[in-house]
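Asks:
In my numbering, the protein residues as written are 13 to 558.
(1) Using DSSP bridges, identify the partner residues of residue 462.
(2) With 16 as the cutoff for other CB atoms within 10 Å, does residue 228 come out buried or exposed?
(3) Give the straight-line distance between the Cα atoms of residue 355 and residue 178, rounded to the nearest whole angstrom.
(4) Are there 16 or more other CB atoms within 10 angstroms of the CB of residue 30, so buried, or fewer, so exposed?
(5) At 4 residues or longer, and completely inside the region 205-260: list those alpha helix (DSSP H) runs for me, N to C.
(6) Take residue 283 as the anchor and find which of 303, 250, 299 and 301 has the nearest alpha-carbon.
(7) Which term fits residue 117, buried or exposed, when burial requires 16 or more other beta carbons within 10 angstroms of its beta carbon?
(8) What does a CB cutoff of less than 8 Å around residue 220 pick up in its chain, not counting 5 residues either side in sequence?
(9) Relative to the alpha-carbon of residue 391, which residue among 74, 61 and 91 has its alpha-carbon at the smallest distance?
(10) Please state whether the Cβ-Cβ distance between residue 242 and residue 84 is less than 8 Å.
(11) Determine whether the beta carbon atoms of residue 549 and residue 181 lie at a separation below 8 Å.
(12) Report buried or exposed for residue 472, applying the criterion of at least 16 other Cβ atoms within 10 angstroms of its Cβ.
(13) When the Cα atoms are used, what is the spatial distance from residue 415 to residue 75?
(14) If you run the structure through DSSP and keep just helix, strand and coil, what is residue 55?
(15) When you compare the region 363-380 with the region 285-297, are there three or more beta-carbon pairs, one atom per stretch, that lie closer than 8 Å?
(16) Measuring alpha carbon to alpha carbon, tell me which residue in 202, 110 and 171 is nearest residue 192.
(17) Which value, in whole angstroms, describes the spacing of the CA atoms of residue 346 and residue 327?
(18) Below 6 Å CB to CB, which residues in the same chain sit around residue 258 once its five sequence neighbours on both sides are set aside?
(19) Can you look up residue 417 in the DSSP assignment and give me helix, strand or coil?
(20) Using the beta-carbon count (16 or more within 10 Å), is residue 377 buried or exposed?
(21) Just to confirm the assignment: which complete alpha helix (DSSP H) runs, minimum length 4, are found wholly within the region 31-80?
(22) Mapping the DSSP letters down to three states, classify residue 126 as helix, strand or coil.
(23) Pairs of beta-carbons, one from the region 429-445 and one from the region 458-477, closer than 8 Å: are there three or more?
(24) Suppose contacts are defined by Cβ-Cβ distances below 8 Å. Is residue 538 in contact with residue 203 by that definition?
(25) Under a three-way DSSP split, which group does residue 120 fall into?
(26) Quick check on DSSP: helix, strand or coil for residue 523?
(27) For residue 137 versus residue 405, is the C-beta spacing smaller than 8 Å?
(28) For residue 128, would you say it is in contact with chain C, using Cβ-to-Cβ distances shorter than 8 Å as the test?
(29) Name the DSSP bridge partner or partners of residue 186?
(30) From residue 71 to residue 160, what distance separates their C-alpha atoms?
(31) Beta-carbon separation of residue 248 and residue 417 under 8 Å?
(32) Measuring only from the beta carbon, is residue 470 closer than 7 Å to any heavy atom that is part of the ligand FMN?
(33) So, are the CB atoms of residue 239 and residue 296 less than 8 Å apart?
(34) Would residue 543 and residue 99 qualify as a contact pair, given that the criterion is a beta-carbon distance under 8 Å?
(35) Using three-state DSSP, classify residue 312 as helix, strand or coil.
(36) Applying the criterion that 16 or more other CB atoms from any shown protein chain within 10 Å of the CB defines a buried residue, is residue 128 buried or exposed?
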């Protein structure tokens, strides 16, 4: 009875928490619906806009619950940050990135997936299509989060826009060359992320972890690695997070003595690279001075070296979140901005000015979704694919920034989600590769031992057979038989345990294969599932309205 009572208490406690989360989420969505409806009361079709705002809020929360885990998951899994700390940092910087650097104008049709001219200027089917696309992407993200599968938000909305566009105007509306590039990113993103993460992890291990004197190696190389990270992240942030407020940034920088940057609409790659290099030099000098002053606090161990990467990881999580908020807020509010523009202006445009309240829906929704439902995916990314420490998480963060920089310059389509998860896979598979030689040696030693023990076992059995056939056995012969039977039993147990050890060694895997299968399957079906769902929703909406 006591056990049943405890189970009831735990169930009530858990259900109470779930209801509280659901209540907060519904309150936010209703608040957005109410504000949109009241602030646009005099506009025809304002009901559509209010419903679209509701769906946009739902989409934003799902982005926060699923996509943001990639930015902070490795840091949490490596114990560099607690879950609470990660949620607070990510929520603040995601919302800041969306509101500060999210921009006033975004392309409402993400990445040119469909040709809006196919709608013939008819705003109603366009509004229905955007609503269907937004809701389909949000529902798929919600389901993926429930299944603990980190998927691409961008691919979700792309699939939704494609499916709704096909339902509204046929297959000719889709830019299939663009879709081919997006399909290519399913391979490009994780492979690039995995290779770069594995390369950095291997470099850190070779230069520091595998050295006899880890303290001196750390003092020499940690400042270099942290400076490289600073260079990559400042370049990444300048290109992806500050491009929409670049003129204001230029005005501020030109006030600094000896700094003169040519006014432009967005930063060039060379400008971003130069700013990153300046910051990297300053970081290198600061970290080197800090390490030289910490002689008594460093131990000659891997654990001690790991702690040196904790603070860089916290900064990485914050900067990744800011850049993500600045860029991916368009996934939540892009279609909403398109609907807002179509309702307010009564027409269709490839670009639309985003009102501040729409941007706020995206930024605050992402932060709220992360706080309420983000921990599930953060745990998946941080600890349920492979075991992470600070060095491995640092390598994944490096891969996230460098891969985006390389891809953006080469014009390759990549997904931040796929890059981060690919980085997790990369460090896990590198661990397996590095252990391969040690495992091979262990197995060879065990097999040699088994051969020796089998040879000894055969000798014991042969001696037993000879003694059993001997006539007129003495007392010593019987004692020897007893001893031989005991030796045979011991040898048999040793051979059996050695075989079991070989099986255990062979089964050691640092990357959970079930997690790989589930995540890759979710990646592959994201676009088609979102497309089919969006098409179904479009037909449903059109059927209700006509």
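The C-beta atom is built at its ideal place from N, Cα and C for all residues, glycine as well. Every value quoted in this text rests on a predicted model; they were computed, and no experiment measured them.
Replies: Quick answer:
(1) For residue 462, which the question treats as bridged, DSSP gives no partner whatsoever.
(2) exposed
(3) 22 Å
(4) exposed
(5) 226-248
(6) 250
(7) Interpretation of residue 117 is limited by its pLDDT of 46, a score under 50 that renders its predicted location unreliable; no figure is taken from the coordinates.
(8) 226, 229, 230, 233, 234 and 317
(9) 91
(10) no
(11) no
(12) buried
(13) 21 Å
(14) coil
(15) no
(16) 171
(17) 28 Å
(18) 278 and 279
(19) helix
(20) buried
(21) 58-78
(22) strand
(23) no
(24) no
(25) Residue placement at residue 120 is flagged as unreliable, the pLDDT there being 49, under the threshold of 50; the coordinate-derived value follows with that caveat. Residue state, collapsed to three classes: coil.
(26) coil
(27) no
(28) In the displayed structure, chain C is absent; only one protein chain is listed.
(29) 126
(30) 17 Å
(31) yes
(32) The model on display carries no ligand, and the ligand FMN is accordingly not part of it.
(33) yes
(34) no
(35) coil
(36) buried
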